[in-house]
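Novice: Residue numbers (numbering that gives the first Met the number 0), protein chains in the order written: chain A, 0 to 219; chain B, 0 to 219. We put the CB at the ideal spot given by N, CA and C, even for glycine. Since this is a predicted model, take the numbers as computed values, not measurements.
There are 2 protein chains.
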Amino acid sequence: MSDAGWAILLVDDHAVVREGYRSVLQKQPGLRVVAEASDGAEAYRQFKAAKPDLVIMDLSMPGIGGIEAVRRIRQWDKAAKILVFTMHQNAGFAAQAIRAGARGYVTKTSPPETLVRAVMDVLAGKIAISPDIDHELALSRLAGESSAADVLTAREFEVLRLLLAERTTEEIAETLHVSPKTVANLHSLIKDKLGVGSDIELVRLALRQKILTEIDLGEA
Amino acid sequence: MSDAGWAILLVDDHAVVREGYRSVLQKQPGLRVVAEASDGAEAYRQFKAAKPDLVIMDLSMPGIGGIEAVRRIRQWDKAAKILVFTMHQNAGFAAQAIRAGARGYVTKTSPPETLVRAVMDVLAGKIAISPDIDHELALSRLAGESSAADVLTAREFEVLRLLLAERTTEEIAETLHVSPKTVANLHSLIKDKLGVGSDIELVRLALRQKILTEIDLGEA
DNA sequence: GGCAATCTCGTGAAATTTTCCCGGCCTGCG
DNA sequence: CGCAGGCCGGGAAAATTTCACGAGATTGCC
Numbered sequence: 000m001s002d003a004g005w006a007i008l009l010v011d012d013h014a015v016v017r018e019g020y021r022s023v024l025q026k027q028p029g030l031r032v033v034a035e036a037s038d039g040a041e042a043y044r045q046f047k048a049a050k051p052d053l054v055i056m057d058l059s060m061p062g063i064g065g066i067e068a069v070r071r072i073r074q075w076d077k078a079a080k081i082l083v084f085t086m087h088q089n090a091g092f093a094a095q096a097i098r099a100g101a102r103g104y105v106t107k108t109s110p111p112e113t114l115v116r117a118v119m120d121v122l123a124g125k126i127a128i129s130p131d132i133d134h135e136l137a138l139s140r141l142a143g144e145s146s147a148a149d150v151l152t153a154r155e156f157e158v159l160r161l162l163l164a165e166r167t168t169e170e171i172a173e174t175l176h177v178s179p180k181t182v183a184n185l186h187s188l189i190k191d192k193l194g195v196g197s198d199i200e201l202v203r204l205a206l207r208q209k210i211l212t213e214i215d216l217g218e219a
Numbered sequence: 000m001s002d003a004g005w006a007i008l009l010v011d012d013h014a015v016v017r018e019g020y021r022s023v024l025q026k027q028p029g030l031r032v033v034a035e036a037s038d039g040a041e042a043y044r045q046f047k048a049a050k051p052d053l054v055i056m057d058l059s060m061p062g063i064g065g066i067e068a069v070r071r072i073r074q075w076d077k078a079a080k081i082l083v084f085t086m087h088q089n090a091g092f093a094a095q096a097i098r099a100g101a102r103g104y105v106t107k108t109s110p111p112e113t114l115v116r117a118v119m120d121v122l123a124g125k126i127a128i129s130p131d132i133d134h135e136l137a138l139s140r141l142a143g144e145s146s147a148a149d150v151l152t153a154r155e156f157e158v159l160r161l162l163l164a165e166r167t168t169e170e171i172a173e174t175l176h177v178s179p180k181t182v183a184n185l186h187s188l189i190k191d192k193l194g195v196g197s198d199i200e201l202v203r204l205a206l207r208q209k210i211l212t213e214i215d216l217g218e219a
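1. How far does the alpha helix (DSSP H) with residue 119 of chain A in it reach, from first residue to last?
2. Counting only the same chain and skipping the five closest in sequence on each side, list residues whose C-beta sits under 6 Å from that of residue 54 of chain A.
3. Under three-state DSSP, which class holds residue 97 of chain B?
4. Can you find a CB in chain A that lies within less than 8 Å of the CB of residue 198 of chain B?
5. Please report how far the alpha carbon of residue 168 of chain B lies from the alpha carbon of residue 169 of chain A, in whole angstroms.
6. Quick check: what's the CA-CA separation for residue 75 of chain A versus residue 98 of chain B?
7. So with CB distances below 8 Å, who are the chain B contacts of residue 120 of chain A?
8. Where does residue 30 of chain B sit, in a helix, a strand or coil, going by DSSP?
9. Can you give the beta carbon distance from residue 190 of chain A to residue 201 of chain A, rounded, assuming they're within the 8 Å contact cut?
10. Just confirm the distance between the C-beta atoms of residue 93 of chain A and residue 132 of chain A, as a whole number of angstroms; I'd bet it's less than 8 Å.
11. According to DSSP, is residue 106 of chain A part of a helix, a strand, or is it coil?
12. What is the DSSP secondary structure of residue 85 of chain A, reduced to helix, strand or coil?
13. If the cut-off is 9 Å on Cβ atoms, which residues from the stretch 17-36 of chain A count as contacting chain B, listed in chain order?
14. Output the residue ranges of the beta strand (DSSP E) runs that lie fully inside the stretch 157-211 of chain A and measure 3 residues or longer, sorted by chain position.
15. What separation, rounded to the nearest whole angstrom, lies between the Cα atoms of residue 60 of chain A and residue 124 of chain B?
16. Between residue 171 of chain B and the rest of its own chain, which residues show a CB-CB distance below 6 Å, the 5 nearest in sequence each way excluded?
17. At 3 residues or longer, what runs of the beta strand (DSSP E) sit wholly inside the stretch 30-81 of chain B?
18. Please list the residues of the stretch 161-178 of chain A that have a C-beta atom closer than 8 Å to any C-beta atom in chain B, keeping them in chain order.
19. Compare the C-alpha of residue 58 of chain B against each of B:12, B:186 and B:71 and name the closest.
20. Name, in chain order, the residues that DSSP records as bridge partners for residue 128 of chain A.
21. Secondary structure at residue 24 of chain B, three-state DSSP: helix, strand or coil?
22. So, is the C-beta of residue 182 of chain A closer than 8 Å to a C-beta in chain B?
23. At a Cβ threshold of 8 Å, is residue 13 of chain A touching chain B?
24. Taking 8 Å as the cut-off, decide whether the C-beta atoms of residue 95 of chain B and residue 72 of chain B are in contact.
25. With distances taken between CB atoms, is the gap from residue 20 of chain A to residue 10 of chain B smaller than 8 Å?
26. Going by other Cβ atoms of all chains shown within 10 Å of its Cβ, with 16 needed for buried, is residue 217 of chain A buried or exposed?
27. Closer than 7 Å, Cβ to Cβ, to anything on chain B: give me those residues from the stretch 99-132 of chain A, in chain order.
28. Verify the CB distance criterion: does residue 69 of chain A have a CB-CB separation below 8 Å to chain B?
29. Going along the chain, which residues of its own chain have a beta-carbon closer than 6 Å to the beta-carbon of residue 6 of chain A, five neighbours each way excluded?
30. Nearest-angstrom Cα distance between residue 35 of chain B and residue 159 of chain B?
31. Pull up the CB-CB distance for residue 23 of chain B and residue 18 of chain A, whole angstroms please, since I reckon it's below 8 Å.
32. Determine the direct distance from the alpha carbon of residue 116 of chain B to that of residue 110 of chain B, and round the result to whole angstroms.
33. Am I right that residue 104 of chain A and residue 83 of chain A are in contact with their C-beta atoms under 8 Å? What's the rounded C-beta distance?
34. Rounded to the nearest angstrom, how far is the Cβ of residue 157 of chain A from that of residue 188 of chain A, given a contact under 8 Å?
35. Could you tell me the distance, in whole angstroms, from the CA atom of residue 150 of chain B to the CA atom of residue 101 of chain B?
36. Verify the CB distance criterion: does residue 141 of chain B have a CB-CB separation below 8 Å to chain A?
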């Protein structure tokens with residue numbers, strides 16, 4: 000901490016949003032925004048140049064994303080304090096961010112006080128997680144958060160993959176040499192096992208668990 | 000316009016982001032933020048109460064989304080001036096927003112000057128589209144690219160968005176205040192218009208056209 | 001080997017959803 | 001005004017999903 004207060008680096012690809020952080024933080028004595036960046040690569044350069052006491056980092060940015068930026072900065076400076084501030088109210092993202100080395104995770108839906116509080120906590124060496132994410136993490140822990148690969152049999156998993164890739168139940172039945180009826184039964188059973196009610200949820204689950212990747216969307 | 004300047008209503012579900020708009024707009028003489036809202040329903044109420052000269056509206060919000068809020072406000076006041084300000088750098092969303100009655104569409108990646116410029120233009124009665132979206136619209140026009148946003152009506156597009164985001168037909172019916180039957184009918188019609196046979200294909204199409212982003216996969 | 005558990009595949013019937021066709025209502029337009 | 005087109009939802013047929021049940025095959029274990 001320099002004599003002028005804690006030095007902070009802001010990282011977010013939206014200028015107007017950075018303005019928002021800045022406005023909120025400036026009201027806090029002892030905090031000073033010394034640099035800004037609008038993507039992961041620039042964040043890394045700015046960190047090395049400015050050596051801030053704290054980084055406030057958005058996750059969704061063009062080019063190198065926030066998680067990767069956290070990893071790189073932490074690799075360069077093991078003691079770097081990084082607070083992730085993002086719109087993603089998602090325990091998975093939070094887990095990823097913390098695992099990458101972030102010291103805090105606060106969602107943008109939080110009131111400004113929560114952000115300020117988290118900034119102070121992280122500067123003080125604590126880990127700061129906003130209450131909504133805390134709650135979600137607790138829930139997923141309780142639910143046992145089963146991954147598709149865990150609860151499905153090999154056959155079921157195969158059918159799931161084909162459902163996501165092929166078109167109709169009939170086509171899948173054909174490639175597997177079973178009756179369409181069986182595929183329909185498995186389809187139903189899969190949804191049951193994964194605890195989803197609709198195909199749309201099924202696809203979203205698959206995307207989240209990286210069973211289906213965006214790249215796999217082939218054609219146009 | 001009152002003697003104190005143009006009255007503006009800010010709508011965004013993130014308090015810190017509203018702080019950003021406010022900070023940028025306050026630097027402009029003749030602009031005055033008179034109200035704020037954090038979701039579509041509240042935006043509608045605030046509009047009726049405050050009768051602002053301009054609304055700055057985010058699109059992705061809990062409950063009633065931004066597009067639907069634009070529709071309702073315009074239904075109540077045909078002359079309402081609404082400027083959409085969103086992270087979605089997507090020509091399809093822009094087309095839908097304009098069709099719903101918005102007078103401008105600016106992305107959050109734009110520098111603050113662009114936002115201010117657009118605010119002034121819309122207040123002056125012009126239509127304001129930020130350059131990046133202009134460019135995308137031009138490209139998709141050149142490519143012939145019949146996107147979902149082209150063939151679907153505003154209502155259908157709204158239902159599509161909710162289908163991708165919410166859970167059950169009933170929940171969607173509730174947020175739109177129509178019968179589940181109507182949602183089911185629209186769901187069917189949408190699949191017909193887009194030429195897909197299953198919900199799984201529907202989701203894949205939406206992903207390809209960036210109506211749903213992989214990042215947007217809420218929950219855990 | 002014998003046994004239990006599990007997986008696979010299928011049938012059939014009930015429950016639910018999807019789809020199609022309809023009419024009424026409103027709005028914008030020539 | 002007449003007309004087209006979007007929006008809302010009812011009704012009924014068609015298709016799909018779900019559930020209960022069972023028969024073979026395979027696996028793991030004592």
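Specialist: The structure says:
1. Per DSSP, residue 119 of chain A belongs to the alpha helix (DSSP H) from 111-122.
2. Taken in chain order, the residues that qualify are 8 and 81.
3. Residue 97 of chain B sits in a helix when the DSSP states are folded into three classes.
4. Flagged as an interface residue toward chain A: residue 198 of chain B, by a C-beta distance shorter than 8 Å.
5. Straight-line Cα distance between these residues: approximately 26 Å.
6. Those two C-alpha atoms are separated by around 49 Å.
7. Neighbours of residue 120 of chain A on chain B: none; closest Cβ ~17 Å, over 8 Å.
8. Three-state DSSP puts residue 30 of chain B in a strand.
9. With a contact defined as Cβ atoms closer than 8 Å, residue 190 of chain A and residue 201 of chain A qualify at about 6 Å.
10. The C-beta distance from residue 93 of chain A to residue 132 of chain A rounds to 5 Å, short enough to meet the 8 Å contact threshold.
11. Note: residue 106 of chain A maps to strand in three-state DSSP.
12. Strand.
13. If the cut-off is 9 Å between Cβ atoms, the stretch 17-36 of chain A has 17, 18, 19, 20, 21, 22 and 23 near chain B.
14. The beta strand (DSSP E) runs of length 3 or more contained entirely in the stretch 157-211 of chain A do not exist; there are none.
15. Near 33 Å, if we compare the C-alpha coordinates of residue 124 of chain B and residue 60 of chain A.
16. 161, 165 and 182.
17. Runs of the beta strand (DSSP E) inside the stretch 30-81 of chain B: 30-36 and 53-56.
18. So the close ones are 162, 163, 166 and 167.
19. Of the residues B:12, B:186 and B:71, the one whose Cα lies closest to the Cα of residue 58 of chain B is B:12.
20. Looking at the DSSP assignment, residue 128 of chain A forms a beta bridge with A:104.
21. Here residue 24 of chain B sits in helix by DSSP.
22. Look at residue 182 of chain A: its C-beta is not under 8 Å from any C-beta on chain B.
23. For residue 13 of chain A, the answer is yes, since a Cβ of chain B falls inside 8 Å of its Cβ.
24. Contact flag unset, no.
25. Against a cut-off of 8 Å, the Cβ pair of residue 10 of chain B and residue 20 of chain A comes out as no contact.
26. Below a pLDDT of 50, predicted positions are generally treated as unreliable, and residue 217 of chain A, at 44, falls in that range; the measurement from the model is reported next regardless. Residue 217 of chain A comes out exposed.
27. Within the stretch 99-132 of chain A, the residues whose Cβ lies closer than 7 Å to some Cβ of chain B are 107, 108, 110, 111 and 114, listed in chain order.
28. No, its Cβ sits nowhere closer than 8 Å to a Cβ of chain B.
29. Closer than 6 Å at Cβ, skipping near neighbours: 31, 33, 51 and 52.
30. Residue 35 of chain B and residue 159 of chain B: Cα-Cα distance of roughly 28 Å.
31. That pair is a contact at about 6 Å.
32. One Cα belongs to residue 110 of chain B, the other to residue 116 of chain B, and the distance between them is close to 10 Å.
33. The Cβ separation is near 5 Å, so the contact holds.
34. Taking C-beta atoms under 8 Å as the contact rule, residue 157 of chain A and residue 188 of chain A fail to qualify, at a distance of about 13 Å.
35. Looking at the backbone, the Cα of residue 150 of chain B and that of residue 101 of chain B are separated by about 19 Å.
36. Note that residue 141 of chain B scores 48 on pLDDT, short of 50, meaning its location in the model is unreliable; the coordinates nonetheless yield the value given after this. Judged by the 8 Å Cβ criterion, residue 141 of chain B is not in contact with chain A.
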